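Numbering of the sequence shown is given in UniProt numbering, commencing with residue 1 and proceeding in unit increments. Cβ atoms here follow ideal geometry from the backbone N, Cα and C, with glycine treated the same way. None of the values given here were measured: they were computed from a predicted structure.
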Amino acid sequence: MPESARRQREREIKLELLQQADICVSTLNYVGNSIFDSFSPFDVNNPMNKNEKLKKPPASSSTISSLFNCLIIDEAGQCIEIDNYIPLRLGMNRIVLVGDPEQLPATILSRRALEAGLNQSLFERLYKLFKYDLNNPIRMLNIQYRMHDEICKFPSMHVYRSKLKTDKSINQKRKKFLLKPYMILDIVNGQEQLDPVTQSYGNPLEADV
Numbered sequence: 001m002p003e004s005a006r007r008q009r010e011r012e013i014k015l016e017l018l019q020q021a022d023i024c025v026s027t028l029n030y031v032g033n034s035i036f037d038s039f040s041p042f043d044v045n046n047p048m049n050k051n052e053k054l055k056k057p058p059a060s061s062s063t064i065s066s067l068f069n070c071l072i073i074d075e076a077g078q079c080i081e082i083d084n085y086i087p088l089r090l091g092m093n094r095i096v097l098v099g100d101p102e103q104l105p106a107t108i109l110s111r112r113a114l115e116a117g118l119n120q121s122l123f124e125r126l127y128k129l130f131k132y133d134l135n136n137p138i139r140m141l142n143i144q145y146r147m148h149d150e151i152c153k154f155p156s157m158h159v160y161r162s163k164l165k166t167d168k169s170i171n172q173k174r175k176k177f178l179l180k181p182y183m184i185l186d187i188v189n190g191q192e193q194l195d196p197v198t199q200s201y202g203n204p205l206e207a208d209v
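Okay, here's the thing in structure tokens:
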């Protein structure tokens, strides 16, 4: 089979799989791939568009047709804002951003992009916008299942305004665990050092202990 024919057949298979899938998992950037052009209600070549002369987005989302009706972005706090806009071309009616504004910020490697202020996530922007709004769309998952209640108390009090709670099953499961929930070691002479190559901070003495 000629290379061009093979690629065309591969594309047809991908399109067929996308059309039949109930859930599509992808990176944000990959949704910019041309394979998704056929599913964009803003694309004049999309067969789902009744008006083939559509040249610009309609005024209301109710007037567009899309194969995808909901977009869920996990770890939304770690993606830069402009990446979040890529899948929006598919015309979803609902977007769910999942993340923690108190953890790692948007990952950005370009110094120029950082200087241009592109190190903010859409999640962070919307969180700041709605944070103090009584009718905000923010929903906090306040029950944690990972750590002992004694460990949870510190981040709950100092980071999450005492809203983070521990599920009762956690302490029950760890009753037979011999070690205490946490232990504090004072490394008097341990100092952070900057690695000139990786630009990461480390504490060798603390690591040795």
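Residues of the same chain with a CB within less than 8 Å of the CB of Val159, apart from the 5 flanking positions on each side, are Glu102 in chain order. Between Val31 and Leu90, the C-beta spacing is below 8 Å.
Rounded to the nearest whole angstrom, the CA to CA distance from Asn84 to Pro155 is 28 Å. Ile138 sits exposed, since fewer than 16 C-beta atoms from the chains shown fall within 10 Å of its C-beta.
Nearest neighbour of Leu104 by Cα position, chosen from Ser121, Ala113, Leu114, Pro181, turns out to be Ser121. DSSP links Arg94 through a beta bridge to Cys70. Taking 8 Å as the cut-off, the beta carbon of Asp195 is found no closer than this to the beta carbon of Ile170. Between the C-alpha atoms of Pro181 and Val209 there is a straight-line separation of about 19 Å. Close CB contacts of Leu205 within its chain, under the 8 Å cut and outside five residues either way in sequence, are with Ile187, Asn189, Gly190, Gln191 (chain order). Sixteen is the threshold: when 16 or more other Cβ atoms of the shown chains lie within 10 Å of the Cβ of Pro87, as they do, the residue is buried. In this structure, the straight-line span from the alpha carbon of Lys168 to that of Met183 is close to 22 Å. Between Glu16 and Ile82, the alpha-carbon positions lie close to 29 Å from each other. Taking C-beta atoms under 8 Å as the contact rule, Phe68 and Phe39 qualify, at a distance of about 7 Å. Per the DSSP secondary-structure output, Tyr201 pairs in a beta bridge with Leu194. Contact between Cys70 and Ala106 does not hold, since their C-beta atoms are separated by about 23 Å, which reaches or exceeds 8 Å. With fewer than 16 neighbouring CB atoms inside 10 Å of its own CB, Ile13 falls in the exposed class. Out of Asn135, Ser110, Leu109, Ile72, the CA that lies nearest to the CA of Ile23 is found in Ile72.
Exposure of Met140 is indicated by the presence of fewer than 16 other C-beta atoms within 10 angstroms of its C-beta.
Per DSSP, reduced to three states, the secondary structure at Ile143 is strand.
DSSP, read as helix, strand or coil, puts Lys165 in strand.
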